[in-house]
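**Student:** Residue numbers (the working numbering): 12 to 241.
We treat Cβ as the ideally placed atom computed from N, Cα and C, and that holds for glycine.
Take a look at the following structure, please.
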């Protein structure tokens, strides 16, 4: 009898979750906001906790799922209408790179490190910050990128040229610290790095927010705002 009850609860719970989820709207995993994630976890927890509790019968399961679905639906509608509700629940878009400049405050606010940002850009097919004009972090955590006009795709055949291959840039300095492993991968040492940075007018490594380098394109260096104003 117990096994039959568990199976019945699972079946009813499954279809109840599907119905509630469909009513609240379809979303891809990449589009889920923190609120959506919490909603999914708690909704699943309602079913999980009720499966093995003999005191909870199917009516209780359906009632709990229905009430939770109604609460979530009401919150969704209120969030659509009132910004003061929407912002805490859904969050807002963050501009991580603004007109080619990294937004330090937004990077810290989103707990984003430079290497994490570069990894997300590589997924978008961008291997140097030189090519980026704007980067927006959406409420679901994914990024949207606007390239600089000079980085717009132009096929070599359109220009009748044989292009030279460009290697992905390497992050050699990150938040005032030398990336030892990356420096070794590049086949360089600290003496070379410090000399090259001096030539670029960035002698004090502590003042550098990030510095990337590639054999073909050389250095891209950005200092902390205070260092730039010195």
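On a CA-only basis, which of 27, 141, 86 is nearest residue 57? Give me that one, please.
**Tutor:** Minimum Cα distance to residue 57 is reached at 27.
**Student:** Exposed or buried, residue 142, counting other C-beta atoms within 10 Å across all chains shown (16 or more means buried)?
**Tutor:** buried
**Student:** Can you tell me whether residue 17 is buried or exposed? The criterion is at least 16 other CB atoms within 10 Å of its CB, across all chains shown.
**Tutor:** exposed
**Student:** Grouping DSSP H, G and I as helix and E and B as strand, with all else coil, what is residue 70?
**Tutor:** helix
**Student:** Whose C-beta lies closer than 8 Å to the C-beta of residue 19 among residues of the same chain, with five residues either side of it excluded?
**Tutor:** These residues qualify, in order along the chain: 69.
**Student:** Would you kindly work out how many angstroms separate the C-alpha atoms of residue 14 and residue 65, rounded to a whole number?
**Tutor:** 11 Å
**Student:** Within its chain, find whatever has a CB closer than 8 Å to the CB of residue 214; leave out the 5 residues flanking it on each side and keep chain order.
**Tutor:** 205, 208
**Student:** Buried or exposed, going by whether 16 or more other CB atoms sit within 10 Å of the CB of residue 133?
**Tutor:** So residue 133 counts as exposed.
**Student:** Between the alpha carbons of residue 74 and residue 234, how many angstroms are there, rounded?
**Tutor:** The alpha-carbon atoms of residue 74 and residue 234 are separated by roughly 58 Å.
**Student:** For the alpha helix (DSSP H) holding residue 194, just list the boundary residues, first then last.
**Tutor:** 191-196
**Student:** What residues are listed by DSSP as bridge partners for residue 109?
**Tutor:** Looking at the DSSP output, residue 109 shares a beta bridge with 112.
**Student:** Am I right that residue 219 and residue 177 are in contact with their C-beta atoms under 8 Å? What's the rounded C-beta distance?
**Tutor:** No, residue 219 and residue 177 are not in contact; Cβ-Cβ is about 23 Å, not under 8 Å.
**Student:** For a test of the three-state rule: what should DSSP assign to residue 122, helix, strand or coil?
**Tutor:** coil
**Student:** So, at 6 Å on beta carbons, what are the nonlocal neighbours of residue 60 in its own chain, with the 5 sequence-adjacent residues on each side left out?
**Tutor:** Result list for residue 60: empty, nothing under 6 Å.
**Student:** So, for residue 103: in the same chain, excluding its five sequence neighbours on each side, which residues have a beta-carbon less than 8 Å away from its beta-carbon?
**Tutor:** 150
**Student:** Following the continuous alpha helix (DSSP H) through residue 247, name the residue where it begins and the one where it ends.
**Tutor:** The requested residue 247 is not part of the displayed model; the chain covers only 12 to 241.
**Student:** For the beta strand (DSSP E) holding residue 143, just list the boundary residues, first then last.
**Tutor:** 143-148
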